[in-house]
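Visitor: In this note's numbering, the protein residues as written are 170 to 538.
Structure, rendered in C-alpha cells:
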C-alpha cells in the first residue's frame with residue numbers, strides 16, 4: 170500500500186506529508202526515478218501514483234508510457250492547475266483520472282485512499298490459497314480450519330510476506346462465506362481522521378465531514394473485521410476499542426446514539442506483541458481480548474521445500490507460458506528469503522518481465538541478493 174508523488178514543486182509534495190506517514194508516502198522529482206522505484210518495489214499491491222502538472226504534460230505522458238511497459242497494476246492521478254483541461258490519453262491497462270489542484274481536499278483524499286487501499290474487501294479464499302505441502306504448512310492449514318469453526322478471536326503472527334491476510338480470509342470464509350471481510354491497516358487509524366474512518370461520523374462532525382460516513386465497524390457487522398498491523402495501534406486507540414470488543418457497542422463521531430456491531434475479530438502483526446507489552450507499547454488487556462487463539466505463519470526459510478510448488482502456482486496465475494530450469498530452482502531454494510513469499514513472487518515477476526521474449530526465465534544472482 171503505497172502512494173508515489175512526483176513533482177518539481179516541494180510545496181505540493183510537502184502537503185501530503187501532513188496526512189501520510191513515511192511508510193506509505195514516496196516522493197520524487199523526476200519520472201525515471203519514480204518508475205524505477207515502482208519496478209523495484211517488493212510488493213504485489215496496487216500503488217497510487219500522483220503526477221503534478223508542473224512536470225509538464227509531456228512528462229506526464231512519459232510517465233504513463235513507462236508505467237505501461239512495467240506491466241504493474243497501478244492507479245494514476247494527474248493533477249492539473251487552475252483553468253487547464255484534461256488532455257487525450259493513449260490506450261492504457263490501468264485507470265487514470267484528472268484532478269484540479271484547487272478542488273483537492275487533502276483530508277478527504279486521505280480518507281479515499283484509506284478506504285480504497287488500506288481497507289480492502291477480501292477475495293474468495295480457501296485453505297488451498299496457502300500454497301505448500303510441507304508439514305509446516307499443513308499444520309497451519311489445520312489450525313486455521315480448527316479455530317475458524319469457533320467463535321474465538323484469532324491473532325495471526327508472522328513476518329511480512331508470509332500470507333497473514335490470506336490466512337485471515339480463510340478464517341473468514343469458514344463462518345461467513347457469503348459476506349465480505351473488512352480489512353483495515355491499523356497504521357491508518359491515527360487521530361481524528363482514523364477514528365472517523367473506523368467508527369464513522371455524522372455530517373458536520375468535523376470540518377470536512379460534509380456527509381454521513383457509516384464507518385468500518387458498521388460495515389463489519391455480522392461479518393469479519395480484520396485488523397492488520399495491529400501493533401501500530403496507539404495505546405489510546407487500543408483503550409477506545411476495548412469497550413467495542415467487549416460489548417459490540419460504540420458511538421460515531423458527532424453522534425450520541427449508541428450503535429451495535431457484532432463481528433468476528435481477526436488481527437495480525439509482524440512483531441511479537443508480548444515483547445511490546447513488556448516495553449509498555451501494547452496493552453495487556455487488549456492483547457488478551459484479541460488473542461483467544463494465536464496462529465503463527467512460518468517464514469519461507471522454514472519451508473524451502475515448498476518453493477517449487479509456489480513457483481508453479483505463480484506461473485499458472487500470472488505467466489502461464491513461462492518455466493524455469495532445475496538449476497535456477499536450486500538457486501531459489503538456497504536463498505533464505507527475508508521478504509518471504511512476497512519477495513519470491515516479486516523476484517519471479519521481475520525475471521519474467523526481463524525475459525519477455527523467452528519461454529524460460531533466468532534467475533540472476535543479483536535478483537535475489
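Each residue gets a CB set at the ideal place from its N, CA and C atoms; glycine is no exception. Since the model is a prediction, treat every value here as computed from it, not as a measurement.
Around the C-beta of residue 229, are 16 or more other C-beta atoms found within 10 angstroms, so that it is buried, or is it exposed?
Guide: Within the chain shown, the letter at position 60 stands for residue 229. That one is buried.
Visitor: Under the three-state reduction of DSSP, which class applies to residue 432: helix, strand or coil?
Guide: Residue numbering aside, residue 432 sits at position 263 when the chain shown is read from its first letter. Note: residue 432 maps to coil in three-state DSSP.
Visitor: Identify, in the order they occur along the chain, each residue of the same chain with its Cβ nearer than 6 Å to the Cβ of residue 203, setting aside the five sequence neighbours on each side.
Guide: Residue mapping note: residue 203 aligns to position 34 of the chain shown, counting from 1. Excluding five sequence positions before and after residue 203, the CB atoms of its chain that fall closer than 6 Å to its own CB belong to 173, 175 and 197, given in chain order.
Visitor: For residue 335, report the span of its alpha helix (DSSP H) as first-last.
Guide: Locating residue 335 in the chain shown gives position 166, counting from the first residue. 333–344 is the span of the alpha helix (DSSP H), which, as asked, contains residue 335.
Visitor: Hey, would you say residue 246 sits closer than 9 Å to residue 266, going by beta carbons?
Guide: Mapped onto the chain shown, residue 246 falls at position 77. Mapped onto the chain shown, residue 266 falls at position 97. Going by C-beta atoms, residue 246 is nearer than 9 Å to residue 266.
Visitor: With a cut-off of 8 Å on the beta carbons, I'd call residue 462 and residue 316 a contact; round off their distance for me.
Guide: Stepping through the chain shown from its first residue, residue 462 is reached at position 293. Stepping through the chain shown from its first residue, residue 316 is reached at position 147. With 8 Å as the limit, residue 462 and residue 316 qualify as a contact, their Cβ atoms being about 5 Å apart.
Visitor: Of the residues 322, 428 and 507, which one's Cα is nearest the Cα of residue 473?
Guide: Your numbering for residue 473 matches position 304 in the chain shown. Per the Cα distances, 507.
Visitor: Mapping the DSSP letters down to three states, classify residue 482 as helix, strand or coil.
Guide: In the chain shown, residue 482 corresponds to position 313, counting from 1. Helix.
Visitor: Looking at the unbroken beta strand (DSSP E) that takes in residue 248, where does it start and where does it end?
Guide: Here residue 248 refers to the residue found at position 79 of the chain shown. For residue 248, the enclosing beta strand (DSSP E) starts and ends at 244–249.
Visitor: Terminal residues of the continuous beta strand (DSSP E) containing residue 361?
Guide: Position 192 of the chain shown, counting from 1, holds the residue named residue 361. Segment 360–368 is the alpha helix (DSSP H) holding residue 361; no beta strand (DSSP E) there.
Visitor: Going by the beta-carbon positions, is the gap between residue 244 and residue 268 smaller than 9 Å?
Guide: Here residue 244 is taken as the residue at index 75 of the chain shown, counted from 1. Here residue 268 is taken as the residue at index 99 of the chain shown, counted from 1. Not closer than 9 Å, so no.
Visitor: Go to residue 463, then tell me how far its alpha helix (DSSP H) extends in each direction, as first and last residue.
Guide: Against the chain shown, residue 463 aligns to sequence position 294. Not the alpha helix (DSSP H): residue 463 falls in the beta strand (DSSP E), residues 462–465.
Visitor: Could you please give the first and the last residue of the uninterrupted alpha helix (DSSP H) stretch that includes residue 522?
Guide: Translated into the one-based positions of the chain shown, residue 522 becomes position 353. Segment 509–523, the alpha helix (DSSP H) holding residue 522.
Visitor: For residue 467 versus residue 331, is the C-beta spacing smaller than 9 Å?
Guide: Start at 1 with the first residue of the chain shown, and residue 467 comes out as number 298. Start at 1 with the first residue of the chain shown, and residue 331 comes out as number 162. In this structure, residue 331 lies closer than 9 Å to residue 467 by Cβ.
Visitor: State the Cα-Cα distance for the pair residue 439 and residue 465, rounded to the nearest angstrom.
Guide: Stepping through the chain shown from its first residue, residue 439 is reached at position 270. Stepping through the chain shown from its first residue, residue 465 is reached at position 296. Computed Cα separation, rounded: 10 Å.
Visitor: Taking 6 Å as the limit between beta carbons, can you name the residues of its chain near residue 451, skipping five residues before and five after?
Guide: Here residue 451 corresponds to residue number 282 of the chain shown, with the count starting at 1. 442 and 445, listed in sequence order.
Visitor: Roughly how many whole angstroms lie between the Cα atoms of residue 349 and residue 401?
Guide: Along the chain shown, read from residue 1 onward, the residue named residue 349 stands at position 180. Along the chain shown, read from residue 1 onward, the residue named residue 401 stands at position 232. Cα to Cα, the separation comes out at about 24 Å.
Visitor: Could you check which residue in 383, 397 and 370 has the C-alpha nearest to that of residue 353?
Guide: Mapped onto the chain shown, residue 353 falls at position 184. Looking at the Cα atoms, 397 is the closest of the given residues.
Visitor: Nearest-angstrom Cα distance between residue 226 and residue 171?
Guide: Sequence index remark: in the chain shown, residue 226 carries index 57 (1-based). Sequence index remark: in the chain shown, residue 171 carries index 2 (1-based). Going from the Cα of residue 226 to the Cα of residue 171 covers about 24 Å.
Visitor: Do you know offhand how far residue 470's Cα is from residue 504's?
Guide: Along the chain shown, one-based indexing puts residue 470 at 301. Along the chain shown, one-based indexing puts residue 504 at 335. One C-alpha to the other measures close to 8 Å.
Visitor: When DSSP builds the beta bridges, which residues end up paired with residue 418?
Guide: Taking the chain shown and counting its residues from 1, the one referred to as residue 418 is at position 249. Residue 418 is bridged to 429.
Visitor: Just verifying my parser: in three-state terms, what is the DSSP assignment at residue 537?
Guide: Mapped onto the chain shown, residue 537 falls at position 368. Reduced to three states, the DSSP call for residue 537 is coil.
Visitor: Say whether chain B places a C-beta atom closer than 9 Å to the C-beta of residue 416.
Guide: Protein chains in the displayed structure number just one, and chain B is not present.
Visitor: Which term fits residue 321, buried or exposed, when burial requires 16 or more other beta carbons within 10 angstroms of its beta carbon?
Guide: Stepping through the chain shown from its first residue, residue 321 is reached at position 152. The residue in question, residue 321, is exposed, as its Cβ has fewer than 16 Cβ neighbours within 10 Å.
Visitor: When the Cα atoms are used, what is the spatial distance from residue 387 to residue 485?
Guide: Here the question's residue 387 lines up with position 218 in the chain shown. Here the question's residue 485 lines up with position 316 in the chain shown. Cα-Cα distance, rounded: 38 Å.
Visitor: Could you check the C-alpha separation between residue 281 and residue 500 for me, to the nearest Å?
Guide: As a first step, residue 281 is located in the chain shown; it is residue number 112 there, counting from the start. As a first step, residue 500 is located in the chain shown; it is residue number 331 there, counting from the start. Pairing residue 281 with residue 500, the inter-Cα distance amounts to about 42 Å.
Visitor: Straight-line CA distance for residue 184 to residue 278?
Guide: As a position in the chain shown, residue 184 is number 15, starting the count at 1. As a position in the chain shown, residue 278 is number 109, starting the count at 1. The straight-line gap from Cα to Cα measures roughly 12 Å.
Visitor: When you compare the CB positions of residue 351 and residue 395, do they come within less than 9 Å of one another, or not?
Guide: Looking up residue 351 in the chain shown gives position 182. Looking up residue 395 in the chain shown gives position 226. With contacts defined as CB atoms closer than 9 Å, residue 351 and residue 395 qualify as a contacting pair.
Visitor: Compare the Cα-Cα distances from residue 366 to each of 392, 422 and 344 and report the closest residue.
Guide: Counted from its first residue, the chain shown places residue 366 at position 197. Taking only the C-alpha atoms, the option nearest residue 366 is 422.
Visitor: Does the beta-carbon of residue 416 have 16 or more other beta-carbons within 10 angstroms, so that it is buried, or is it exposed?
Guide: In the chain shown, counting from the first residue as 1, residue 416 sits at position 247. With fewer than 16 other Cβ atoms within 10 Å, it is exposed.
Visitor: If you reduce the DSSP assignment to three classes, tell me which class residue 299 lands in.
Guide: Start at 1 with the first residue of the chain shown, and residue 299 comes out as number 130. The answer is coil: DSSP assigns residue 299 none of H, G, I, E or B.
Visitor: Inspect the CB distances between the region 526–534 and the region 476–495 and report whether three or more fall short of 8 Å.
Guide: yes
Visitor: From what residue to what residue does the alpha helix (DSSP H) around residue 226 run?
Guide: Position 57 of the chain shown, counted from the start, is the residue given in the question as residue 226. From DSSP, the alpha helix (DSSP H) with residue 226 extends over 226–239.
Visitor: Is residue 434 buried or exposed, if buried means 16 or more other CB atoms sit within 10 Å of its CB?
Guide: Numbered from 1 along the chain shown, position 265 holds the residue referred to as residue 434. Buried.
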